[in-house]
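Residue numbers (UniProt numbering): 1 to 117.
First comes the structure, then the notes that go with it.
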């Protein structure tokens, strides 16, 4: 059975100006980790994002079927000059022993507008 928990970390909206001039970009991180460690991974994401001024927009946690793994999906708003901090966050998560896989991708402008409206 799956469990789904939606959490909004910030009421951040991506303005049309930010989308058009490229000053801010939305990224999606997908982390598969051990079920009993998912809260620690979520705390690490929140902590590192806050330290580096990355904006957590939304997160979803769900149990993977027939597995002891959890999928944590996080949407992060990132200014262009802070992209290195996002790369560092992904690297830190990748080095965690409880993380089985991590994937990140840039969300295109149309998808951004749909997510933030």
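Even for Gly, the Cβ is constructed at its ideal location relative to N, Cα and C.
Annotation for residue 24: the continuous beta strand (DSSP E) segment containing it runs 24-34.
Between residue 72 and residue 42 a beta carbon distance of about 6 Å is seen, short of the 8 Å cut, so the two are scored as contacting. Using a Cβ distance threshold of 8 Å, residue 32 and residue 69 count as a contacting pair.
With a beta-carbon spacing of about 19 Å, residue 107 and residue 53 fall beyond the 8 Å limit used to define contacts. Looking only at 45, 24, 55 and 50, the smallest Cα-Cα distance to residue 61 is reached by 45.
In the displayed model, residue 88 falls within a helix according to three-state DSSP.
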